[in-house]
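Enquirer:
In my numbering, the protein residues as written are 1396 to 1567.
1) Please state whether DSSP places residue 1462 in a helix, a strand or coil.
2) Round the Cβ separation of residue 1538 and residue 1516 to the nearest angstrom and send it over; I've been treating them as touching at under 8 angstroms.
3) At what residues does the alpha helix (DSSP H) containing residue 1529 begin and finish?
4) With respect to the beta strand (DSSP E) encompassing residue 1412, which residues constitute its N-terminal and C-terminal limits?
5) Consult DSSP for residue 1545 and reduce its assignment to one of helix, strand or coil.
6) Going along the chain, which residues of its own chain have a beta-carbon closer than 7 angstroms to the beta-carbon of residue 1543, five neighbours each way excluded?
7) Tell me the rounded alpha-carbon separation between residue 1467 and residue 1461.
8) Please name the residue or residues paired with residue 1452 in a DSSP beta bridge.
Here's what the structure looks like:
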């Protein structure tokens, strides 16, 4: 739970997806084995740190939805409201911000795609994480950023405080 006047965003790029079927449309590509391992590890990481989304805004692409369902198989205590947002598929940072402003719960997870998600992540905090992977925002990368606002409609670039940044690549 986040206190009044506080909002938390968990911003995740989908896990590694499969490219082995050239006939499959980009929107329909599933995760590969490494991506599934990464998403499982991410769910465990979130649970271990108490990062429990109350609302999930997820791109309509198969790989983002599979990333979420795999994360959700972790021992998370909260079962969030899940909104599949077609507008997040290949969205730029402005579109992502406008969708975030429609969120209604204090702790929100957003799952999307590069390059938009890396650009969006770089706009949100007052200070960027020092992690060398932050700017390229690899698959499975997740930023946790807090805002001192009462409503998501008040969120603006440069307001956030970075709480965490992680990349779990599923190789182990």
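Just so it is clear, CB atoms sit at the ideal spot from N, CA and C, and this is done for glycine as well. In this text the structure is predicted, and so the values were computed from the model without any measurement.
Expert: Taking the geometry as given:
1) When secondary structure is reduced to three states using DSSP, residue 1462 falls in the helix class.
2) 5 angstroms
3) Per DSSP, residue 1529 is not a residue of any alpha helix (DSSP H), being assigned neither H nor E.
4) For residue 1412, no beta strand (DSSP E) run applies, since DSSP gives it neither H nor E.
5) coil
6) 1400 and 1401
7) 10 angstroms
8) In the DSSP output, where bridge partners are listed per residue, residue 1452 has 1478 and 1505.
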